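**Q** Right, I'll just put the structure down here and ask away after.
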Ligand SMILES: [Fe+2]
Ligand SMILES: [Fe+2]
Ligand SMILES: [Fe+2]
Ligand SMILES: [Fe+2]
């Protein structure tokens, strides 16, 4: 396998990890039993780490990171809990199969070490899902989170959920690809905070029995100036949601997130002005 093929494989792995993360996250919303939920969330976090490691490796090899989602492998299954866990076992099997084939074909030693580590993680995940399956067979049955957003209020919340999903992908994209930017770790901070926001909104909706729209949002590259404008757009969406949403718990959540969005806008404006200074400095030096 040459370098180009290795990069292509790593990008494929990112798409696989992405679909697993969403699958496990959605399952954590659908199976609202605390122990199972926290197991699913923990495994999803490990898949995020895998995604991150694969992405860094793509950069090290000189490639550009794109975060696609493998729609073919994304299987929500259900509504029986048993079927959902089965689909997670299949996802782990698929990952083990793909990564093992790559391990044999790849020449780069550091990629081999990474694959070896991830295969071990996936094997452990598979075992954990096997145990959860036994438990689920004994105790649980069917998810009660079954409907799409219906009221205006639920549509607004689902829209904010999508907004956060888009932000996660866009900030991760910026973080992985602009590593030379001295502020790129800030993009990771915002991406992680957006994950928290998306998770909280998803949990709120699932408590109402609603599953938000989980399709992958369109992602666009944007320079820091555009990022400021887009972040202000997010803030505006939370402001107008506060004007329309009446549910007390939802309002509390929206208000809490809105404060973070305001903070993000300030953070990005700081980056914008310091990047102006950098450019001006560079021009002066010449
Ligand atoms: Fe993984
Ligand atoms: Fe896994
Ligand atoms: Fe957010
Ligand atoms: Fe934000």
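In my numbering, the protein residues as written are 289 to 574. Heads up, the beta-carbon is just placed ideally off N, CA and C, and yes, glycines get one too. All figures in this text were calculated on a predicted structure; none of them were measured in a lab.
In or out: residue 425 buried (at least 16 other Cβ within 10 Å) or exposed?
**A** The sequence position of residue 425 within the chain shown is 137, counting from 1. Classification for residue 425: exposed.
**Q** Going by the C-beta, is residue 338 closer than 6 angstroms to any heavy atom of ligand 1?
**A** Within the chain shown, residue 338 is the residue found at index 50, counting from 1. Flag set: Cβ of residue 338 near ligand 1.
**Q** Between residue 370 and residue 421, how many whole angstroms is the CB-CB distance? I'm expecting something under 8 angstroms.
**A** Counting from one through the chain shown, the residue named residue 370 turns up at place 82. Counting from one through the chain shown, the residue named residue 421 turns up at place 133. Residue 370 to residue 421, Cβ: 7 angstroms. Contact.
**Q** What would DSSP say about residue 430, mapped onto helix, strand or coil?
**A** Translated into positions along the chain shown, residue 430 becomes position 142. Of the three classes helix, strand and coil, the one that applies to residue 430 here is strand, per DSSP.
**Q** Can you tell me whether DSSP reads residue 424 as helix, strand or coil?
**A** Taking the chain shown and counting its residues from 1, the one referred to as residue 424 is at position 136. Of the three classes helix, strand and coil, the one that applies to residue 424 here is helix, per DSSP.
**Q** In the DSSP assignment, what are the bridge partners of residue 435?
**A** As a first step, residue 435 must be located in the chain shown, where it is residue number 147. The partner list for residue 435 (beta bridge, DSSP) reads 498.
**Q** Can you tell me whether residue 294 is buried or exposed? The criterion is at least 16 other CB atoms within 10 Å of its CB, across all chains shown.
**A** Here residue 294 refers to the residue found at position 6 when the chain shown is read from its first residue. When all chains shown are included, residue 294 counts as buried.
**Q** Is residue 309 closer than 7 angstroms to residue 332 when the C-beta atoms are compared?
**A** Counting from one through the chain shown, the residue named residue 332 turns up at place 44. Counting from one through the chain shown, the residue named residue 309 turns up at place 21. Contact: yes.
**Q** Determine contact between the stretch 309-321 and the stretch 423-437, defined as no fewer than three beta-carbon pairs at a distance below 8 angstroms.
**A** As far as the Cβ criterion goes, the stretch 309-321 touches the stretch 423-437, which means the pair count is three or higher.
**Q** Cβ of residue 413 versus every heavy atom of ligand 2: is any distance shorter than 6 angstroms?
**A** Taking the chain shown and counting its residues from 1, one reaches residue 413 at position 125. For ligand 2, at least one heavy atom lies less than 6 angstroms from the Cβ of residue 413.
**Q** Taking all protein chains shown into account, decide if residue 484 is buried (16 or more other Cβ within 10 angstroms of its Cβ) or exposed.
**A** Within the chain shown, residue 484 is the residue found at index 196, counting from 1. When all chains shown are included, residue 484 counts as exposed.
**Q** Could you tell me whether the Cβ atoms of residue 526 and residue 549 are closer together than 7 angstroms?
**A** For this step, residue 526 is matched to residue 238 along the chain shown. For this step, residue 549 is matched to residue 261 along the chain shown. Their beta carbons are under 7 angstroms apart, which means residue 526 touches residue 549 by this criterion.
**Q** Would the beta-carbon of residue 303 fall within 7 angstroms of that of residue 358?
**A** As a position in the chain shown, residue 303 is number 15, starting the count at 1. As a position in the chain shown, residue 358 is number 70, starting the count at 1. Yes, Cβ-Cβ distance for residue 303 and residue 358 is below 7 angstroms.
**Q** Looking only at its own chain, which residues have a Cβ that is under 8 angstroms from the Cβ of residue 465, when we skip the five neighbours before and after it?
**A** Sequence index remark: in the chain shown, residue 465 carries index 177 (1-based). Excluding sequence positions up to five before and after residue 465, its CB lies within less than 8 angstroms of the CB of 347, 352 and 353, all in the same chain and listed in chain order.
**Q** Check whether the Cβ atoms of residue 438 and residue 289 sit closer than 7 angstroms, and answer yes or no.
**A** Indexing the chain shown from 1 puts residue 438 at position 150. Indexing the chain shown from 1 puts residue 289 at position 1. Contact: no.
**Q** Out of 446, 557, 546 and 314, state which residue places its alpha-carbon closest to the alpha-carbon of residue 522.
**A** In the chain shown, the residue the question calls residue 522 occupies position 234. Comparing Cα positions, the closest option is 546.
**Q** Output the boundary residues of the alpha helix (DSSP H) element that contains residue 363.
**A** By one-based count along the chain shown, residue 363 stands at place 75. Unbroken run through residue 363: none, as it is neither H nor E.
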